[in-house]
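Trainee: The sequence shown lines up with residues 7 to 219 when you count with our numbering.
Don't be surprised by glycine CBs; every beta carbon is placed ideally from N, CA and C.
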Amino acid sequence: MAEIIVVPHTHWDREWYLPFERYRYRLVKLVDKLLEILRRDEKYTHFLLDGQTIIAEDYLEIRPENEAQFREEVAKGRIGIGPWYTMPDEFLAGGEAIARNLLMGHRLGRRLGGVMKIGYLPDPFGHVAQMPQILRGFGIHAAFLARGVDPPQTEFYWEAPDGSRVLTHWFALGYCNARCLTEDPDAFRTPYFQGLPVLRDLLLAGASADAIL
Numbered sequence: 007m008a009e010i011i012v013v014p015h016t017h018w019d020r021e022w023y024l025p026f027e028r029y030r031y032r033l034v035k036l037v038d039k040l041l042e043i044l045r046r047d048e049k050y051t052h053f054l055l056d057g058q059t060i061i062a063e064d065y066l067e068i069r070p071e072n073e074a075q076f077r078e079e080v081a082k083g084r085i086g087i088g089p090w091y092t093m094p095d096e097f098l099a100g101g102e103a104i105a106r107n108l109l110m111g112h113r114l115g116r117r118l119g120g121v122m123k124i125g126y127l128p129d130p131f132g133h134v135a136q137m138p139q140i141l142r143g144f145g146i147h148a149a150f151l152a153r154g155v156d157p158p159q160t161e162f163y164w165e166a167p168d169g170s171r172v173l174t175h176w177f178a179l180g181y182c183n184a185r186c187l188t189e190d191p192d193a194f195r196t197p198y199f200q201g202l203p204v205l206r207d208l209l210l211a212g213a214s215a216d217a218i219l
């Protein structure tokens, strides 16, 4: 029997097909709701803020009165931020910019309670060969990828030209493969949920262990 590991998270494009302030309006609603859930439900153990600390900066500019609770939840490990300041486009940013992105993310993350020490990179369309070397320079020994790679299995060691390597998980069906999960019991009768065994088999086909993330 496969173990299913569900990680609550948001994917965050700061600007895309809508202006920044329109996206920030959505962000404030999301984090407001998240903090409310964390206040009333002690069993809600973790939420991942897309590996970026700029999310916290954008939110707290609007809700400075919530910084104390936000910092507390980060310190407890219930909200994961960083290690990036913002998710990099590795094809457009040079090595110095990538390193300084991580440096800024670590500085802000430490001020807000802690930094997630995982190279969270599921959204870039491809990756530079030196990324494991850059991550190791910041004490990061693991990474998560989705786009830009097609490995034979979901877990592997990603190695840079200098020999630096990080243990890496590849999201075979993307970082939002559980986006249709719901609290509505009737929804589990829909074609999507009837097809979950197929999804399970697809994910397990390349897995190194009997688990689905």
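Taking contact to mean at least 3 C-beta pairs separated by less than 8 Å, is the stretch 89 to 101 in contact with the stretch 130 to 150?
Mentor: Result yes; three or more Cβ-Cβ pairs closer than 8 Å.
Trainee: Going by DSSP, what residue range makes up the alpha helix (DSSP H) through GLU63?
Mentor: 60 to 68
Trainee: Judging by CA-CA distance, which residue of TYR65, HIS147, CYS182 is the nearest neighbour of ARG20?
Mentor: TYR65
Trainee: I'd like the span of the alpha helix (DSSP H) that includes PHE162, first residue to last.
Mentor: It is not in any alpha helix (DSSP H) - PHE162 instead sits in the beta strand (DSSP E) that spans 161 to 165.
Trainee: In the DSSP output, what is PHE150 paired with across the bridge?
Mentor: TYR126, HIS175
Trainee: Just reading off the alpha helix (DSSP H) that ARG113 is part of, what are its end residues?
Mentor: Per DSSP, ARG113 belongs to the alpha helix (DSSP H) from 101 to 117.
Trainee: Hey, is the stretch 112 to 126 in contact with the stretch 136 to 156, meaning 3+ C-beta pairs nearer than 8 Å?
Mentor: yes
Trainee: With DSSP as the reference, please indicate the residues paired to PHE53 in a beta bridge.
Mentor: ILE85
Trainee: Does GLU96 come out as helix, strand or coil in the three-state DSSP assignment?
Mentor: Coil, per DSSP.
Trainee: So, with DSSP's three-state summary, where would you put ILE140?
Mentor: helix
Trainee: Please name the residue in ARG46, TYR31, HIS15 whose C-alpha comes closest to that of GLN58.
Mentor: HIS15
Trainee: Determine the contact status of GLY111 and TRP90, defining contact as a CB-CB distance below 8 Å.
Mentor: yes
Trainee: Are there 16 or more other CB atoms within 10 angstroms of the CB of PHE53, so buried, or fewer, so exposed?
Mentor: buried
Trainee: ILE61: which of HIS17, ASP47, LEU44 sits nearest, CA to CA?
Mentor: The shortest Cα separation from ILE61 among HIS17, ASP47, LEU44 belongs to HIS17.
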